[in-house]
Each structure stands twice: as structure tokens, then as C-alpha cells.
Amino acid sequence: MTEWWLQRVPLREGAAVLDVGCGTGATALLLAERGMRVTALDVRKAMVERLRDRMQQAGVTLDVAVGSADAMPWPAASFDAVIGESVLVFTPIPAVLREVRRVLKPNGFALFVEMVAPTNAPPEWHEEALRVYGAKEVPTLERWHQHFVASGFRPAVLRFGSVFDLARDAAGFGDPGGLDAHALSDHEVLRALGEHLLWMERFGKTLGYGVFLLWPRPCV
Ligand SMILES: C[S@@+](CC[C@H](N)C(=O)[O-])C[C@H]1O[C@@H](n2cnc3c(N)ncnc32)[C@H](O)[C@@H]1O
Numbered sequence: 000m001t002e003w004w005l006q007r008v009p010l011r012e013g014a015a016v017l018d019v020g021c022g023t024g025a026t027a028l029l030l031a032e033r034g035m036r037v038t039a040l041d042v043r044k045a046m047v048e049r050l051r052d053r054m055q056q057a058g059v060t061l062d063v064a065v066g067s068a069d070a071m072p073w074p075a076a077s078f079d080a081v082i083g084e085s086v087l088v089f090t091p092i093p094a095v096l097r098e099v100r101r102v103l104k105p106n107g108f109a110l111f112v113e114m115v116a117p118t119n120a121p122p123e124w125h126e127e128a129l130r131v132y133g134a135k136e137v138p139t140l141e142r143w144h145q146h147f148v149a150s151g152f153r154p155a156v157l158r159f160g161s162v163f164d165l166a167r168d169a170a171g172f173g174d175p176g177g178l179d180a181h182a183l184s185d186h187e188v189l190r191a192l193g194e195h196l197l198w199m200e201r202f203g204k205t206l207g208y209g210v211f212l213l214w215p216r217p218c219v
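Residue numbers (numbering that gives the first Met the number 0): 0 to 219.
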């Protein structure tokens, strides 16, 4: 998916890009390797430490910070682009979008790849998504649109579909890294994986994703 959207956004070499909720940094490293000046932020120290190891292995340097996306440490208008992949649903969405809008340059853009709930989801769809994944909110397409507009963006949906299509499309891009064998010996990881598989069996067919491109609207 990263390869897909990278071909469709105006990112030139040397652009200052913030990866919000970078996790272990696969996308942040890819962007750095493509010549962007990357800053990566994640609220979890363990994720950022893993990214630091990967930076060393890859011989790539980027700015890395531990912190929450609803209170970013950078001044206004710091970045040409802010991107996030599967992050907003785990955060207080309006507060994070406000911060994204603040740190973006006026002629910059934001791009998010996020889960999308079906419009007719029963209450347990949401309750279980919140319980199993720790999501704060999984919005419908319409609700995402409302969040983006309320936060001062002009949104466009670059792509929208089912997560099952995503898995099929990803097949051509090789091994994404997979699960680490050491993690699989951890009882908590196995429990979470089991919960995930059960959730996917019950609700996975109705789970969508969206690729959202956001342009800051001028302040009035
Ligand atoms: C599903 S992972 C996605 C990681 C990465 N973007 C990727 O696609 O591989 C979600 C990430 O968001 C981070 N996260 C959750 N809440 C956050 C917050 N308030 N601020 C910054 N990062 C956050 C988590 O620690 C986790 O690394």
C-alpha cells in the first residue's frame, strides 16, 4: 500500500516528511531511502527502539521521537507532508488531526491509510474492535470525512476497499517481514493473535480501509 500511494502523491526528494505512529519504521525507512528528510514519531518506546536498530542495520539516519501525536514537539509549519498508516483509529482523532494541521506547511499535505467501518455495523462490531485492538474509534467513510473537514482539511479518498483486496494486492510486493518467532513464544502475543483471528472471522469481511489525501484549508 505504501508503494501504491507513494506513486500518487507529490513528494519530491528532500521533502520534510513526518511519519506519525511509525511503529518499527518500515515506511519511515523506505521514505528515507527514497531521499526524503524523515522524522518518525511513536508513542511506544519499544517501537522506536526497534526502529533505531533497523536504522543501524540499514545505515540510514532519520530523526526519531517518542511522544503522542496529540501533542507534537515541533513548531507550526514544520513539514511538507505528514503521513500515517493505521494509526489514527488508535488515537483521539480530532486532537491528532489538529496537531497534524498545525505542523503541516500551508502548501503541504497529509496522507492516512486507515480502517473504515461499514455503515450498518452492529454495536458489537465497534465494541469488539475497541476491545480487541484498543482502537478508540473506527469511523465510517462519512464519519472520516466529517473528522477531516472539522479539522481544517479538504479531503480526497484516493482509494477505498475491503482489507481482503489489500492482502491480494500486497502479494506482488514480496515478504513484508512477517511475525518474529521469538514473539510467538510470548503468551500475550499468542492471546492477542487468537483474538485477532476470531475478530477477523466474525467481522473481517465487512472491514474496509481508506487512503485519504488531505489538503489544509486556508485559515479564515
Ligand atoms: C498498527 S501500528 C502501525 C505502525 C506503522 N504505521 C505501520 O504501518 O507499520 C499503530 C502504531 O501507532 C502508535 N500509536 C498509537 N497511539 C499513538 C499516539 N497517540 N501517538 C503516536 N503514536 C501512536 C502505536 O504505538 C503503533 O506503533
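Backbone N, C-alpha and C fix where the C-beta goes; we use that ideal spot for every residue, glycine too.
Practice item. Could you tell me whether any non-hydrogen atom of ligand 1 is closer than 8 Å to the CB of residue 15? Key: Residue mapping note: residue 15 aligns to position 16 of the sequence shown, counting from 1. Residue 15: no, Cβ never under 8 Å from ligand 1.
Review point. For residue 210 versus residue 108, is the C-beta spacing smaller than 9 Å?
Key: Looking up residue 210 in the sequence shown gives position 211. Looking up residue 108 in the sequence shown gives position 109. Going by C-beta atoms, residue 210 is not nearer than 9 Å to residue 108.
**Study point:** Residues bridged to residue 213 [DSSP beta-bridge criterion]
**Key:** Locating residue 213 in the sequence shown gives position 214, counting from the first residue. Its beta-bridge partners are 109 and 154.
Review point. Are the CB atoms of residue 213 and residue 152 nearer to each other than 9 Å?
Key: The residue labelled residue 213 in the question sits at position 214 within the sequence shown. The residue labelled residue 152 in the question sits at position 153 within the sequence shown. Cβ distance < 9 Å, so residue 213 and residue 152 count as in contact.
Review point. For residue 118, does the count of other Cβ atoms within 10 angstroms reach 16, so buried, or fall short, so exposed?
Key: Within the sequence shown, residue 118 is the residue found at index 119, counting from 1. Counting Cβ neighbours within 10 Å, residue 118 comes out exposed, since fewer than 16 surround it.
Review point. So, are the CB atoms of residue 138 and residue 155 less than 9 Å apart?
Key: If you number the sequence shown from 1, residue 138 lands on position 139. If you number the sequence shown from 1, residue 155 lands on position 156. Their beta carbons are not under 9 Å apart, which means residue 138 does not touch residue 155 by this criterion.
Review point. In terms of residues, what are the limits of the alpha helix (DSSP H) holding residue 39?
Key: To locate residue 39, count along the sequence shown from 1; it is residue 40. Note, residue 39: premise wrong, no alpha helix (DSSP H); beta strand (DSSP E) at 36-41.
Check your understanding: Who does residue 62 pair with in a DSSP beta bridge?
Key -> As a position in the sequence shown, residue 62 is number 63, starting the count at 1. In DSSP, residue 62 forms a bridge with 38.
Review point. If you count every other CB in all the chains shown that lies within 10 Å of the CB of residue 180, and 16 or more means buried, which is it?
Key: Start at 1 with the first residue of the sequence shown, and residue 180 comes out as number 181. Exposed, because fewer than 16 other Cβ atoms sit within 10 Å of the Cβ of residue 180.
Practice item. Check whether the Cβ atoms of residue 26 and residue 84 lie closer than 9 Å to each other. Key: Here residue 26 refers to the residue found at position 27 when the sequence shown is read from its first residue. Here residue 84 refers to the residue found at position 85 when the sequence shown is read from its first residue. Cβ atoms of residue 26 and residue 84: closer than 9 Å.
Exercise for review: Identify the continuous beta strand (DSSP E) that holds residue 15 and give its terminal residues.
Suggested key: The residue given as residue 15 occupies position 16 in the sequence shown. It spans 15-19 - the beta strand (DSSP E) in which residue 15 sits, taken as one unbroken run.
Review point. At a cut-off of 8 Å, is residue 207 close to ligand 1 when judged by its beta-carbon and the heavy atoms of the ligand?
Key: Position 208 of the sequence shown, counted from the start, is the residue given in the question as residue 207. Residue 207: no, Cβ never under 8 Å from ligand 1.
Practice item. Put residue 193 into one of helix, strand or coil per three-state DSSP. Key: Taking the first residue of the sequence shown as position 1, residue 193 is located at position 194. Here residue 193 sits in helix by DSSP.
Check your understanding: Beta-carbon separation of residue 203 and residue 160 under 9 Å?
Key -> The count along the sequence shown starts at 1 and reaches residue 203 at position 204. The count along the sequence shown starts at 1 and reaches residue 160 at position 161. No, the Cβ-Cβ distance between residue 203 and residue 160 is not below 9 Å.
Practice item. Below 8 Å on the Cβ atoms is my guess for residue 39 versus residue 18; work out the distance and round it to an integer in Å. Key: In the sequence shown, the residue the question calls residue 39 occupies position 40. In the sequence shown, the residue the question calls residue 18 occupies position 19. Yes, residue 39 and residue 18 are in contact; Cβ-Cβ is about 5 Å, under 8 Å.
Point to revise | Proximal residues to residue 29 (C-beta, below 7 Å), its chain only, five neighbours per side dropped | key: Position 30 of the sequence shown, counted from the start, is the residue given in the question as residue 29. Cβ within range, chain order: 1.
**Study point:** Cut-off 6 Å between Cβ atoms - residues of its own chain near residue 147, not counting five sequence neighbours on either side
**Key:** Taking the sequence shown and counting its residues from 1, one reaches residue 147 at position 148. Taken in chain order, the residues that qualify are 154 and 213.
**Study point:** Helix, strand or coil at residue 85 [DSSP, three-state]
**Key:** Start at 1 with the first residue of the sequence shown, and residue 85 comes out as number 86. Coil at residue 85, not helix or strand.
**Study point:** Within 9 Å, strictly: CB atoms of residue 35 and residue 64
**Key:** Along the sequence shown, read from residue 1 onward, the residue named residue 35 stands at position 36. Along the sequence shown, read from residue 1 onward, the residue named residue 64 stands at position 65. No, the pair does not count as a contact, with Cβ atoms beyond the cut-off.
**Study point:** residue 220 versus residue 66 - alpha carbon distance
**Key:** Residue 220 is absent from the structure shown; the chain starts at 0 and stops at 219.
Exercise for review: For residue 8, name the three-state secondary structure that DSSP assigns.
Suggested key: To locate residue 8, count along the sequence shown from 1; it is residue 9. Correct three-state label for residue 8: coil.
Review point. Just checking my contact of residue 73 with residue 102 at CB under 8 Å: how many whole Å lie between their CB atoms?
Key: Position 74 of the sequence shown holds residue 73. Position 103 of the sequence shown holds residue 102. Right, the Cβ-Cβ distance comes to about 5 Å (below 8 Å), so this counts as a contact.
Review point. Residues in its own chain within less than 6 Å of residue 82 by CB, not counting five upstream and five downstream?
Key: Taking the sequence shown and counting its residues from 1, one reaches residue 82 at position 83. Closer than 6 Å at Cβ, skipping near neighbours: 18 and 110.
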